[in-house]
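All residue numbers for the sequence shown refer to UniProt numbering, where the first residue is 1 and numbers rise by one. Single-structure report; data block below.
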Amino acid sequence: MQSNVKTLVWLVAAVSVLMVGYYNRGWAGFMLVLGAVVFFILLHLTRVMKILKVASGTPKGRISSAIMLNSKLKQGMTLLQVVQLTRAIGEVQGDPNAPQVCHRWTDPGGAWVDAVFVNSKLQNWQFGRTENPVETSPESREAT
């Protein structure tokens with residue numbers, strides 16, 4: 001619900017600014033403000049596309065360190081902010097159309113972070129590790 005109110009506030013603000021531009025400078029003011037509003041929207045879309053382009057180059061749900069992700073997460077972050085932080089799209093656990101969606105990011109050592117999003121906002125997350133850690137190389141076995 002809060003997202004709908006926020007969208008409505010932005011829409012009312014844009015229409016108000018357009019009206020002020022028209023009132024002060026006529027059609028020239030209206031067009032100037034319209035150009036500024038379109039520019040703002042394009043800046044936001046460019047940011048989203050840049051984040052998704054970086055995430056598309058990484059395997060789904062894979063990150064370098066789940067511990068670092070766990071320490072950087074904050075309640076209320078948007079899904080886009082978490083994708084920007086991880087540089088990967090999380091693997092969806094369960095039904096993607098449910099009100100609460102759980103995404104999982106896993107690191108090469110077998111540790112993972114499950115993040116629960118409600119309306120694309122981070123509500124809670126859980127860090128976990130496998131019982132038997134994955135060995136990264138044969139040399140590490142010989143060193144012990």
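Each residue gets a CB set at the ideal place from its N, CA and C atoms; glycine is no exception.
DSSP, reduced to helix, strand and coil, places Q100 within a strand of the structure shown.
With a cut-off of 8 angstroms on Cβ pairs, the segment 49-57 is in contact with the segment 79-90, counting three or more such pairs.
Proximity to A115 across Q126, G109, D107, P108 peaks at Q126, based on C-alpha coordinates. Contact annotation: A28 and I67 have beta-carbon atoms that are not nearer than 9 angstroms. The same chain holds no residue with a CB closer than 7 angstroms to that of P96 once the five nearest residues on each side in sequence are set aside. In the structure shown, R87 falls within a coil segment according to DSSP collapsed to helix, strand and coil. Annotation for L73: no alpha helix (DSSP H) segment contains it, and DSSP assigns it neither H nor E. Short of 7 angstroms from the beta carbon of L34, and not among the five residues preceding or following it, lie these beta carbons of its own chain, in chain order: L18. In the three-state reduction of the DSSP assignment, R62 falls in the strand class, which pools E and B.
In this structure, the straight-line span from the alpha carbon of L69 to that of V113 is close to 8 angstroms.
Around K72, the same chain offers L85 as residues with beta carbons nearer than 7 angstroms, after the five sequence neighbours per side are excluded. Take the alpha-carbon of T46 and the one of L11: they are about 20 angstroms apart.
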